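Below is one structure, written out as structure tokens, with a few remarks after it.
There are 2 protein chains.
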Amino acid sequence: MKCAILSVGTEILFGQITNTNSVYLSQQLNLLGFDVLYHYTVGDNDERLAEIIKLAFKDCDLVIASGGLGPTEDDMTKETVCKVMGDHLVEHGPSKEFLLKNAAKLNHKLTENNFKQAMMPSQATVFDNDAGTAPGFALEKDGKTAICMPGPPREMTRMYQRRVKPYLEQFQKDVIYYKTVRLFGKGESSLETELLDLIDGQTDPTIATYAKEGECTVRVASKRATAEEAEQAVSKTVELIEQRVGEYIYSIDDEELVQVVGKKLLERGITISSAESCTGGMFAETLTSVPGISEVFDRSLVTYTYKAKMEELGVKRETIDTYSVYSKEVAEEMALGLWKKSGSKICISITGIAGPGGDMPGKPVGLIDIGCHFRGQTYVKEVQMRNVNRNWNRHYAVLAMLDLINRLIDGRNIN
Amino acid sequence: MKCAILSVGTEILFGQITNTNSVYLSQQLNLLGFDVLYHYTVGDNDERLAEIIKLAFKDCDLVIASGGLGPTEDDMTKETVCKVMGDHLVEHGPSKEFLLKNAAKLNHKLTENNFKQAMMPSQATVFDNDAGTAPGFALEKDGKTAICMPGPPREMTRMYQRRVKPYLEQFQKDVIYYKTVRLFGKGESSLETELLDLIDGQTDPTIATYAKEGECTVRVASKRATAEEAEQAVSKTVELIEQRVGEYIYSIDDEELVQVVGKKLLERGITISSAESCTGGMFAETLTSVPGISEVFDRSLVTYTYKAKMEELGVKRETIDTYSVYSKEVAEEMALGLWKKSGSKICISITGIAGPGGDMPGKPVGLIDIGCHFRGQTYVKEVQMRNVNRNWNRHYAVLAMLDLINRLIDGRNIN
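Chains as they are written, first to last, in the working numbering: chain A, 1 to 415; chain B, 416 to 830.
Structural data, given as structure tokens:
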């Protein structure tokens, strides 16, 4: 089933609110195996609204709209849908009754325009609103269906789950299944090059790659007659991807790297501390976003100045003078100094240049050195980042630290 | 000028990402006095993309698009815009040079599809990308303009501010002037109540309040024939707002609180260190986002466990046992211990419960205690946050720390 999602509301066009209804409905319709071809947003304007609905029905079987069902004059979705689909509004008894009952309960006096909400297309299937006063409806004509729901997300999502989803299930043909594979350490174009023949030859499962702040994701989706078939098809393709780029994969279940690492630390009771410089506390902040992490996370010493590095972590002045503060040697001393103080099983450290300035001869912006003391050994790893900007660099540096920890815990190659 | 905002990307139609580009561009185009009539989203599909652009140009003078400029095969915005507007792609010398230079600097090997990014419509005005590799462009034909920018919000917003906005100003008729007043410590509805008569009576300047993660902003805008008139009208209204809620205002120039504080620290050479617990490094991370802050920021000790608090900051076990770890007394000892170690002029500390769990009798989730050693005195402040969720709480806690520092530097009342 081909669908368009339509949002009605001038406040969206002003940028006053973010259109979360479209995100929600996209996810829901995709889960039913429907294809979402368009998102449209129009203001409270009858002509433009009519034109968009007509256009949507050219390609799509279903237009699912939210907004414009309220009691005020600029709420005109119902009227416009009727005009386009050749129906007219009539009073809907149960909806009027509900309005009256509700008003009596709350001791509200209804104004005349309130009753507008009880007017419904004569051939519509009406959907009650459990979280507000404007009912929604579905109107079917010549194989095309329009569904209209109220705009407030709380009302819309509830109506979708309780009334619209069961209604739409009659149209469901296939089952969709997908997996999202996440990778770190490989750029999107290089990833795509390695998967090109799979991507080019694809019909089902489909393979799509996305870049996301230093990480990549690959989404593998299949639409089949049964859940089993779809799942099998996806798993096979995921295996092929693992064969090619498995070295970079940290999750085949769309988990964040910090969640993957946090889970392993908690499950195995591995205590951890960090010594940060260029990341400025971002590593600790990221790790402590994992619920329950206080069981294993002891401390992070954010040592920005030389003085702090020497006082807090016992880094030697001589080491800084000989190798520069941005060096494997300093990263190593930071990790070791942290371990002596905290005794944590994993002591991870970082020093580097987040930029924009701060480079030195032989030490370009974006260079980071990561140290890690783990099971009696201190590992160091140097990475040259792409240097997009300071924040991107810091974010990438945190991912690189997590990646190193993940590899060490797994006993994998760290390079 | 009538505009349509177009987002290109299958991931939006799958509901994998929220369309924040449309929100941003709506706000920006409205600020220029342009009318946004439509938002459209289409996937990476040539035919549908072409149809939408044609439709948009029926009503609109400007189509402003983001997404689909990348190096991969499904990035086709440029080709489609050319087809609709009757142009063709040619190699754009400076863009190719940039790609090569950038790759050389980072020692990256370019794959063939990378060079696709240097192809531009022959009649286009090309916009450099300061935050990524895909340039954008404007193409004008018969009074209709298409503007294409990359999809990643970080790249798009920067390109908009630096290249597209100046380009669009040629189409601007009225002059719009606005100021954004930022406040901390006052909720949106309470703020709106205090400004209600100003808001209700408004025609020009217009006053709009927005809530944003614990902060509030008030945007005062005026659209006049001359810049002077508009500026004067706005300034008068801002003065009225200052008279009413000046106590909570930290910027009338839309600066972030951390920028305001960072600037003061740098200008006055005030060194600073922090001792964090529930914020987990977020304070340091936030402060170190200020360029050049390494001149004054020494260290942050993120002490998550009791042990770390005692070892790193000299917090007494007795104090924790008597008053609980979430107390003014512990915050005070943290600040004092940090000062003894670092000698920084400002030593700020925090302890508290970010939630969701972790509350104790008399210590509800959302309670934070902030300590600050400054000019020989240790101040403490206890705040009960609204407890929306863990991340909101941590963010709010950082703002509360910055607010306390800002007030102490200014010599203002800290409560």
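Ideal placement from N, C-alpha and C gives every residue a C-beta, glycine not left out.
Only a predicted model underlies this, so the values are computations on that prediction, with no experimental measurement involved.
(request) Under 8 Å Cβ to Cβ from L452 (chain B), same chain only, skipping five residues before and after it: list those, please. (result) K417, C418, A419, D474 and C475
(message) Restricting to Cα atoms, I'd like to know which of A:G280, A:V126 and A:S342 is closest to M725 (chain B).
(response) A:S342
(message) Using a 10 Å radius around the Cβ and a threshold of 16 neighbouring Cβ atoms, would you call Y625 (chain B) buried or exposed?
(response) exposed
(request) Go through its chain and collect everything with a Cβ distance to K556 (chain B)'s Cβ below 8 Å, but skip five positions before and after it. (result) M500, G501, D502 and Q538
(request) Verify whether the separation of the beta carbon atoms of S273 (chain A) and C347 (chain A) is less than 8 Å. (result) yes
(message) Looking only at its chain, what residues have a beta carbon closer than 6 Å to the beta carbon of H92 (chain A), apart from the 5 residues adjacent to it on each side?
(response) A118, M120 and V126
(request) Quick one: list the residues of chain A neighbouring M697 (chain B), beta-carbon separation under 9 Å, in chain order. (result) G281, M282, A284, E285 and T288
(request) Spatial neighbours of Y396 (chain A) within its chain, please: CB distance less than 6 Å, with the 5 preceding and 5 following residues excluded, ordered by chain position. (result) G214 and M385
(message) Within the continuous beta strand (DSSP E) that includes S715 (chain B), where are the two ends?
(response) F712 to T718
(request) Please name the residue, chosen from B:A699, B:E494, B:V457 and B:G485, that lies closest to D713 (chain B) on a Cα-to-Cα basis. (result) B:A699
(request) Leaving out five residues on either side along the sequence, give the residues of the same chain with a beta carbon under 7 Å from the beta carbon of S437 (chain B). (result) I420, S422 and H454
(message) Please list, in chain order, the chain A residues whose beta carbon lies closer than 7 Å to that of V451 (chain B).
(response) L13
(message) Assuming R805 (chain B) and P771 (chain B) are in contact, meaning their beta carbons sit under 8 Å apart, how far apart are those beta carbons, in whole angstroms?
(response) 6 Å
(message) Within 8 Å of any Cβ in chain B, is that where the Cβ of E382 (chain A) sits?
(response) no
(message) Measuring only the C-alpha atoms, how far is G33 (chain A) from S709 (chain B)?
(response) 52 Å
(message) Can you confirm whether E192 (chain A), when its beta carbon is compared against all beta carbons of chain B, has any partner nearer than 8 Å?
(response) yes
(request) List the residues of chain B that N102 (chain A) touches, going by C-beta distances under 8 Å, in chain order. (result) Simply none; closest approach about 24 Å.
(request) Select from the segment 248 to 265 of chain A all residues with a C-beta closer than 9 Å to any C-beta belonging to chain B, and list them in chain order. (result) none
(message) Within 8 Å of any Cβ in chain A, is that where the Cβ of D713 (chain B) sits?
(response) yes
(request) Answer yes or no: does any C-beta atom of chain A fall closer than 8 Å to that of N528 (chain B)? (result) yes
(request) Spatial neighbours of G781 (chain B) within its chain, please: CB distance less than 7 Å, with the 5 preceding and 5 following residues excluded, ordered by chain position. (result) I768, G770, Q799, M800, R801, N802 and N808
(request) Would you kindly check if the distance between the Cβ of D174 (chain A) and the Cβ of K212 (chain A) is under 8 Å? (result) no
(request) Rounded to whole angstroms, what's the CA-CA distance from E646 (chain B) to T621 (chain B)? Just pull it up for me. (result) 13 Å
(request) Using three-state DSSP, classify F34 (chain A) as helix, strand or coil. (result) coil
(message) I'd like the list of long-range same chain contacts for N460 (chain B), defined as Cβ closer than 6 Å, with 5 residues on each side in sequence excluded.
(response) none
(message) Between which two residues does the alpha helix (DSSP H) holding A221 (chain A) run?
(response) Looking at the DSSP string, A221 (chain A) is not in any alpha helix (DSSP H); the run it does join, the beta strand (DSSP E), is E215 to R224.
(message) Quick test of the definition: if touching needs 3 or more C-beta pairs under 8 Å, does the segment 151 to 162 of chain A touch the segment 66 to 76 of chain A?
(response) yes
(message) Against chain A, which members of the segment 476 to 488 of chain B pass a CB distance test of less than 7 Å?
(response) P486 and T487
(request) Find the residues of chain A that neighbour V505 (chain B), judging by a C-beta separation of less than 8 Å, and give them in chain order. (result) Those do not exist, as V505 (chain B) stays about 22 Å from chain A at its closest Cβ, beyond 8 Å.
(request) Determine the direct distance from the alpha carbon of Q442 (chain B) to that of L13 (chain A), and round the result to whole angstroms. (result) 8 Å
(request) For Y811 (chain B), decide whether its Cβ has a neighbour in chain A, counting only Cβ atoms nearer than 8 Å. (result) no
(request) Select from the segment 37 to 62 of chain A all residues with a C-beta closer than 9 Å to any C-beta belonging to chain B, and list them in chain order. (result) L37, Y38, H39, Y40, T41, V42, G43, N45, R48, E51, I52, L55, K58 and D59
(message) Can you tell me which residues form a DSSP beta bridge with S274 (chain A)?
(response) A:S300 and A:I348
(message) Looking at chain B, is there any beta carbon in it that lies within less than 8 Å of the beta carbon of T145 (chain A)?
(response) no
(message) Measuring alpha carbon to alpha carbon, tell me which residue in B:A642, B:Y741 and B:N528 is nearest D774 (chain B).
(response) B:Y741
(request) Examine chain A for any beta-carbon lying closer than 8 Å to the beta-carbon of S709 (chain B), and answer yes or no. (result) yes
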